[in-house]
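Asks:
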Amino acid sequence: MPQKDTQFLLLMNKSKQVNGGNDDSIMIIDSDEESIAEPPKEEPPVYVFEDEEPEVDPAYPFEGVLRQVDIPLPSSVLELAVPRIPPEAARSTLDPFPTVLEKTMVISAVCADYSTRIVTLPLSPPHPTLTDINPWVRTLSISGGVSHQEIPRGVSITFTYRECEQLEEQVVTRSRAKSHSKETGRWELFVATYSAESSGLLIVHRIPIAEGSDGQHFREDEIETKRRYLAAPAKSITFNPSSYPSPRHSTLLVAFHDGCVKIYSCFSTKPSKASRRSSGPQSDFETSETEGKWLISLYPGFEQSSAQRKTIIHAEWVLGGRAVMVLLADGGWGVWDIEGAGPGATKGPLQRQTSVQGVSGGSLTAFSVSGRIFSPLTGGNRTESSSSIAEQRPKFAPLTPSTKRVREDTLLKGAMIGSTSPSLCGEISVYQTNSYRDALPDESILLRHGNQTAAIHSLLSLWRNAVKATGTFDASNRCRVSAIQDIALMGEQLKGIGHLPVALHRNRDAGRGRFDVLITAERRLMILAPRLSEPEEAPVSRLSTSQTPTAETDQVMLRRGELGVEGPVLKPNVFRASSVAYTG
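If you read the sequence shown in my numbering, its first letter stands for residue 526, the second for the next number, and so on.
1) By the three-class DSSP mapping on this structure, what secondary structure does PRO825 have?
2) DSSP three-state label for THR1078, please.
3) Specify the secondary structure class of TRP988 as computed by DSSP and reduced to three states.
4) In angstroms, rounded to a whole number, what distance separates the CA positions of GLU749 and THR718?
5) Measuring CB atoms only, is the segment 769-788 touching the segment 814-830, in the sense that at least three cross pairs come out at less than 8 Å?
6) Taking DSSP as the reference, what is the three-state secondary structure of GLU968?
7) Here's a check: name, in chain order, each residue in its chain whose Cβ is nearer than 8 Å to the Cβ of ALA1046, leaving out the five neighbours to either side.
8) Identify, in the order they occur along the chain, each residue of the same chain with its Cβ nearer than 6 Å to the Cβ of ASP746, setting aside the five sequence neighbours on each side.
9) Given that a residue counts as buried once 16 or more other Cβ atoms are within 10 Å of its Cβ, and exposed if not, what is GLY939?
10) For GLY784, count neighbouring C-beta atoms within 10 Å of its own C-beta (all shown protein chains included) and say buried if the count is 16 or more, exposed if not.
11) For PRO669, name the three-state secondary structure that DSSP assigns.
12) For the putative contact between PHE781 and LYS760, defined by C-beta atoms under 8 Å, what is the C-beta separation to the nearest angstrom?
13) According to the neighbour-count rule (16 or more other Cβ atoms, all chains shown, within 10 Å of its Cβ), is TYR585 buried or exposed?
14) Compare the Cα-Cα distances from THR664 to each of ARG897, ALA634 and ARG687 and report the closest residue.
15) So if DSSP puts GLU952 in a beta bridge, which residue, or which two residues, is it bridged to?
16) For SER767, count the other beta carbons within 10 Å of its own beta carbon; 16 or more makes it buried, fewer makes it exposed. Which is it?
17) Using the Cβ count rule (16 or more neighbours within 10 Å means buried), how would you classify ASN976?
18) May I ask you to report which of helix, strand or coil DSSP gives ASP1041?
19) When DSSP builds the beta bridges, which residues end up paired with GLY867?
20) Beta carbon of ASN671, beta carbon of ALA606: below 8 Å?
21) In whole angstroms, what is the alpha-carbon distance linking VAL631 and PRO608?
22) Closer than 6 Å by C-beta to THR890: which residues in its own chain qualify, once you throw out the five before and the five after it? Chain order, please.
23) Quick one: grab the DSSP three-state call for GLY896.
24) LEU985 and ASP967 - do their beta-carbons sit closer together than 8 Å?
25) Give the single residue among SER969, THR836 and ALA1054 whose Cα lies nearest to the Cα of ASP1011.
26) Compute the beta-carbon to beta-carbon distance between LEU949 and ALA854, rounded to the nearest angstrom, for a pair I have assumed lies under 8 Å.
27) Using DSSP bridges, identify the partner residues of MET630.
28) Pop quiz: SER888 and SER983 are said to be a contact at Cβ under 8 Å. What is the actual Cβ separation, rounded to whole angstroms?
29) Helix, strand or coil: how does DSSP classify SER706 here?
30) Once the 5 residues before and after PRO650 are set aside, which same chain residues still bring their CB inside 8 Å of it?
31) I'd like the ranges of any beta strand (DSSP E) spanning at least 3 consecutive residues and lying wholly in the segment 825-857.
32) Helix, strand or coil: how does DSSP classify VAL716 here?
33) Between which two residues does the beta strand (DSSP E) holding GLU688 run?
34) For LEU1043, which option in SER954, ASN990 and ALA848 has the closest C-alpha, if you only look at C-alpha atoms?
35) Please report the Cβ distance between TRP468 and ALA848, rounded to the nearest whole angstrom; I am assuming they are in contact, meaning their Cβ atoms lie under 8 Å.
36) Assign VAL625 to one of three DSSP states: helix, strand, or coil.
Written out as structure tokens, the structure is:
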């Protein structure tokens, strides 16, 4: 504790007395009235990250873990969800972006105590010496009467924006117009959860985001909740990946167990008075605060052995939210082009979701493009326990210019058919790989079916090849995916697969360096990364060697063995020789 600073002033007063005697006196003046200096507040240390690119071991071609954070919750977590944000190259700098995501990450979790929790933590990992997570981790809990009365089965989140006019209507009804009169709008978080309560229940929470002195936070006292009872329990839900102000950003993809996928719009729209009879742009339509509506139902084909439709394992948005991809229990997959945006497609039923021409309550069954993860099982008497591998005889296919351009493994040999049985476990992971300047988004697809994994490196290219298929081959032969092999699970079950975005490394191939593959097992996380490529050295031409050598060219020639004690060493031109041998 700092001691009290008290100044004493000593004055020697030597004055003559009346009787002529000298009296030396000491006067003590205490300056305690001065302000006491407050101890300086301890500011948290500021840590700066290194700008240099770390060295990556080619044997383990992925970045290291900077920090592992354990966030305790009072109940078991059943499922997690994060907002699906396009990569930086896939979105324009002029597009609106939630400011809360500039410095923090938002994670939603449904727990076994029927609650839904929103966790926010900074993007920059704290220093390893900071063990207390309470100052920088915030948790919002949604429970009680506004939550489920049974255990929720899934969650999905996205961001939306509420304009100033909508805010004024809201605050007038709550008699708080003065406090929000200067607001131009605010970002809000959509949280959708579902459970098997009653016949099935879908709950959508709308959580405002407020700006505070200590950063942005969610306003718990202004949460809006809407309930929608379903005809059957849902299997999975996913918000559209489109961002605001796209009219489809608030649409929800709901998959059911009975082989049906439905699209639900959280905002139902109505045309304005000025354009009620015209087909104006999407900006001519205003949003009305209603309970939402079902837009369309999607159905797969029927089973061969029964009159029931095929079982859907998982459904996901593709083509930037303009199409829907499903994974079936028999290992098949298909894409519904609901807006007619794919290659070679016509107008879809939801091409204009906000216009009066759009279909509401319609249905669609035909796939625009489809394929299988593995070859279909042949023969009805084939047992699932059989581990033998049969060979299917190929169809006769004459050599034509069309078939020469097709790289088909089963062209001259039979297709190897394994004994893989149908599975009810699987998922789809989607990651956009091209720029926002392209006409259509190109995406990488990862598929998990049971313990099998596969990848579609370019869904758009595969789609175009399927549309242009000609000759004696079926279009399905070109719509095959490549299997991801040599995954050592160590006896554990495969639980998940996803894209892991990474920073572009100088030794990574630009075409394959956008993401790694994250594999989730029962107790382990595995990262599949492409091998690092060594940078190629530029060949030294004869013109450069004939000129005055520099220190840099000497080092290059010395590493190649072209520089000796007496000067350059003449060696044969290996590049030219290999080129001649190849062309000959």
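Each residue gets a CB set at the ideal place from its N, CA and C atoms; glycine is no exception. Remember, it's a predicted structure, so these values are computed and weren't measured experimentally.
Replies: Once the coordinates are examined:
1) Counting from one through the sequence shown, the residue named residue 825 turns up at place 300. Coil.
2) Numbered from 1 along the sequence shown, position 553 holds the residue referred to as residue 1078. Reduced to three states, the DSSP call for THR1078 is helix.
3) Within the sequence shown, residue 988 is the residue found at index 463, counting from 1. In this structure, TRP988 counts as helix in the three-state DSSP scheme.
4) Residue numbering aside, residue 749 sits at position 224 when the sequence shown is read from its first letter. Residue numbering aside, residue 718 sits at position 193 when the sequence shown is read from its first letter. One C-alpha to the other measures close to 14 Å.
5) yes
6) As a working mapping, residue 968 is identified with position 443 in the sequence shown. Strand.
7) By one-based count along the sequence shown, residue 1046 stands at place 521. Closer than 8 Å at Cβ, skipping near neighbours: LEU1014, MET1015, GLU1017, GLN1018, LEU1019 and LYS1020.
8) To locate residue 746, count along the sequence shown from 1; it is residue 221. Same-chain partners within the cutoff: there are none.
9) Residue 939 sits at position 414 when you count from the first residue of the sequence shown. In this prediction, GLY939 has a pLDDT of 47, which is less than 50 and means its spatial position is unreliable; nothing more can be read from the coordinates.
10) Numbered from its first residue, the sequence shown carries residue 784 at position 259. The residue is buried, with at least 16 neighbouring Cβ atoms inside 10 Å.
11) Position 144 of the sequence shown, counted from the start, is the residue given in the question as residue 669. At residue 669 the sequence reads Gly, which differs from the Pro that was named. GLY669: helix per DSSP, three-state reduction.
12) In the sequence shown, counting from the first residue as 1, residue 781 sits at position 256. In the sequence shown, counting from the first residue as 1, residue 760 sits at position 235. Between LYS760 and PHE781 the Cβ distance is about 6 Å, and since that is below 8 Å, they are a contact.
13) Translated into positions along the sequence shown, residue 585 becomes position 60. TYR585 is exposed by the Cβ-count criterion.
14) Numbered from its first residue, the sequence shown carries residue 664 at position 139. For THR664, the nearest C-alpha among the options comes from ALA634.
15) Working through the sequence shown from its first residue, we reach residue 952 at position 427. Answer is ARG973.
16) In the sequence shown, counting from the first residue as 1, residue 767 sits at position 242. By the 10 Å Cβ count, SER767 comes out buried.
17) Against the sequence shown, residue 976 aligns to sequence position 451. Per the 10 Å Cβ criterion, exposed.
18) Position 516 of the sequence shown, counted from the start, is the residue given in the question as residue 1041. Looking at ASP1041 - three-state DSSP - the assignment turns out to be strand.
19) Here residue 867 corresponds to residue number 342 of the sequence shown, with the count starting at 1. Paired residues: none, contrary to the question.
20) On the sequence shown, position 146 is the one that residue 671 refers to. On the sequence shown, position 81 is the one that residue 606 refers to. Strictly speaking, residue 671 in this sequence is Val, with Asn absent from that position. It is not a contact, given that the beta carbons lie outside the stated cut-off.
21) Here residue 631 is taken as the residue at index 106 of the sequence shown, counted from 1. Here residue 608 is taken as the residue at index 83 of the sequence shown, counted from 1. Cα to Cα, VAL631 sits roughly 7 Å from PRO608.
22) Indexing the sequence shown from 1 puts residue 890 at position 365. Hits under 6 Å: TYR824.
23) Walking along the sequence shown from the start, residue 896 turns up at place 371. Reduced to three states, the DSSP call for GLY896 is strand.
24) By one-based count along the sequence shown, residue 967 stands at place 442. By one-based count along the sequence shown, residue 985 stands at place 460. Judged by beta-carbon spacing, LEU985 lies within the 8 Å limit of ASP967, meaning their Cβ atoms are closer than that value.
25) Here residue 1011 corresponds to residue number 486 of the sequence shown, with the count starting at 1. Minimum Cα distance to ASP1011 is reached at ALA1054.
26) Taking the first residue of the sequence shown as 1, we reach residue 949 at position 424. Taking the first residue of the sequence shown as 1, we reach residue 854 at position 329. Rounded, the Cβ-Cβ distance is 6 Å, consistent with contact.
27) The residue labelled residue 630 in the question sits at position 105 within the sequence shown. BP columns for MET630 point to LEU646.
28) For the purposes of this step, residue 888 is taken as the residue at position 363 of the sequence shown. For the purposes of this step, residue 983 is taken as the residue at position 458 of the sequence shown. About 30 Å; that fails the 8 Å criterion.
29) Position 181 of the sequence shown, counted from the first residue, corresponds to residue 706. Model confidence at SER706 stands at a pLDDT of 41, short of 50, so the residue's coordinates are unreliable; what they give is reported in the following sentence. Coil at SER706, not helix or strand.
30) Stepping through the sequence shown from its first residue, residue 650 is reached at position 125. Answer for PRO650: LEU591, ARG592 and VAL594, listed in chain order.
31) 837-843 and 848-853
32) In the sequence shown, counting from the first residue as 1, residue 716 sits at position 191. Three-state result, VAL716: strand.
33) Counting from 1 along the sequence shown, the entry for residue 688 is found at position 163. Note, GLU688: beta strand (DSSP E), 679-688.
34) Locating residue 1043 in the sequence shown gives position 518, counting from the first residue. Ranking SER954, ASN990 and ALA848 by Cα distance to LEU1043 puts SER954 first.
35) This structure cannot speak to residue 468, because the chain is shown only from 526 to 1109.
36) The residue given as residue 625 occupies position 100 in the sequence shown. VAL625: helix per DSSP, three-state reduction.
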